[in-house]
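The letter at position 203 of the sequence shown is residue 215 when you use the working numbering, and the numbering goes up by one with no holes.
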Amino acid sequence: MTLHLQRNQTPEKANLPKSWIRQRKRDYYYRKAKEEKFRSRAAYKLLQAVGKYKFMKSGDIVVDLGAAPGGWIQASRKVVGEKGFVLGVDIKPIKPFEEENILTIIADITDPKTPENIRNLLPRPADVVISDVSPKISGIWEVDHARQIDLALNSMKIACKVLKPKGNFFVKVFEGDMLKDFVDKLKENFSAVKLVKPKASRAKSSEIYILALGLKNQVSKQQTTKLK
Numbered sequence: 013m014t015l016h017l018q019r020n021q022t023p024e025k026a027n028l029p030k031s032w033i034r035q036r037k038r039d040y041y042y043r044k045a046k047e048e049k050f051r052s053r054a055a056y057k058l059l060q061a062v063g064k065y066k067f068m069k070s071g072d073i074v075v076d077l078g079a080a081p082g083g084w085i086q087a088s089r090k091v092v093g094e095k096g097f098v099l100g101v102d103i104k105p106i107k108p109f110e111e112e113n114i115l116t117i118i119a120d121i122t123d124p125k126t127p128e129n130i131r132n133l134l135p136r137p138a139d140v141v142i143s144d145v146s147p148k149i150s151g152i153w154e155v156d157h158a159r160q161i162d163l164a165l166n167s168m169k170i171a172c173k174v175l176k177p178k179g180n181f182f183v184k185v186f187e188g189d190m191l192k193d194f195v196d197k198l199k200e201n202f203s204a205v206k207l208v209k210p211k212a213s214r215a216k217s218s219e220i221y222i223l224a225l226g227l228k229n230q231v232s233k234q235q236t237t238k239l240k
């Protein structure tokens with residue numbers, strides 16, 4: 013099921029270089045995703061992280077930010093099972109899923125109304141918020157890094173507002189000068205913070221994931237009060 017929280021148009025397909033397409037087809041996780049019917053190879057990054065750190069479990073309520081095309085939604089649904097619930101959020105439309113406990117919405121994570129809209133769609137406060145949001149890559153590293161950190165900050169703000177006390181947050185970032193300050197902000201809000209590089213992440217990629225465990229009780233109470 014897909015709900016539209018704002019007007020949105022389907023973006024035009026990018027003209028991808030043929031060399032990039034050939035390389036992707038040779039990629040082990042790309043082929044594995046095709047075989048196992050995951051919508052993206054990124055599903056394995058999440059599954060590997062969950063398998064190692066156990067921050068998501070059967071029956072959990074999960075919010076997936078930057079969810080298109082849906083690989084992380086599928087991976088989350090595999091973990092939480094029939095008793096859990098997965099809400100996928102993206103500024104782009106997501107092809108619907110057959111499972112009744114998956115809901116997708118079109119929403120902008122920078123919109124201040126989005127956290128409350130998310131909360132209103134959840135059966136209870138989320139156990140886990142995950143974010144694989146990426147900016148449109150400019151090719152200028154300093155710009156791309158800054159944009160990615162900004163998106164990660166917006167994702168963290170949503171996580172603090174929709175998670176239950178002691179809930180967990182898993183987010184993608186790019187390595188760079190602004191990473192330390194972002195990690196420090198996470199430490200202010202969560203009990204433990206770990207840097208994670210799943211095996212499915214390409215070795216040459218500058219992307220890294222951060223796992224923030226245990227939303228602090230005082231943070232949860234403050235954010236809940238602000239939304240009332």
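Just so you know, even glycine gets a beta-carbon here, dropped at the ideal spot from N, CA and C.
Counted within 10 angstroms of its Cβ, other Cβ atoms place residue i as buried (16 or more) or exposed
i, result
"L227", "buried"
"D72", "buried"
"N229", "exposed"
"R214", "exposed"
"R53", "buried"
"I222", "buried"
"D241", "The shown model of the chain, from 13 to 240, leaves out residue 241, and the question about it has no answer."
"R34", "With a pLDDT of only 49 at R34, under the threshold of 50, the placement of this residue in the model should not be trusted; the figure read from the coordinates follows. By the neighbour-count rule (16 or more Cβ atoms within 10 Å), R34 is not buried but exposed."
Beta-ladder partner(s) of residue i, from DSSP
i, result
"D76", "G100 and I142"
"A204", "L225"
"V183", "S143 and I222"
"I121", "In the DSSP output, where bridge partners are listed per residue, I121 has none listed."
"I161", "None, per the DSSP bridge assignment."
"L175", "A138"
CB of residue i within 7 angstroms of CB of residue j, strictly
i, j, result
"N132", "C172", "no"
"A119", "V75", "no"
"A79", "G100", "yes"
"G83", "F50", "yes"
"I103", "T116", "no"
"L77", "I121", "yes"
"I220", "E187", "yes"
"P127", "V174", "yes"
"R89", "E111", "yes"
Proximity to residue i [Cα-Cα], best of the options
i, options, result
"S146", "P127, V183, K169 and N113", "V183"
"S70", "P81, N166 and N113", "N113"
"A224", "A55, K46, V141 and E47", "V141"
"F181", "A164, M190, D189 and K192", "A164"
"M168", "K199, D189 and W153", "K199"
"G179", "E154, N129, A158 and V231", "V231"
"D189", "V62, D156 and I130", "D156"
"L170", "E154, S218 and N129", "With the sequence shown as reference, residue 170 is identified as Ile, and Leu is not the correct amino acid for it. Nearest of E154, S218 and N129 to I170, Cα basis: N129."
"K125", "R136, N166, K66 and K192", "N166"
"P108", "P81, D123, L134 and V91", "P81"
"L134", "A158, W153, S218 and K176", "K176"
"S217", "D193, W153, K197 and Y65", "W153"
"V62", "G151, K192, S203 and V91", "V91"
Cβ-Cβ separation, residue j to residue i (assumed contact under 8 angstroms), whole Å
i, j, result
"K211", "Q60", "6 angstroms"
"V195", "V208", "12 angstroms between Cβ atoms; not a contact."
"Y56", "K46", "No, Y56 and K46 are not in contact; Cβ-Cβ is about 12 angstroms, not under 8 angstroms."
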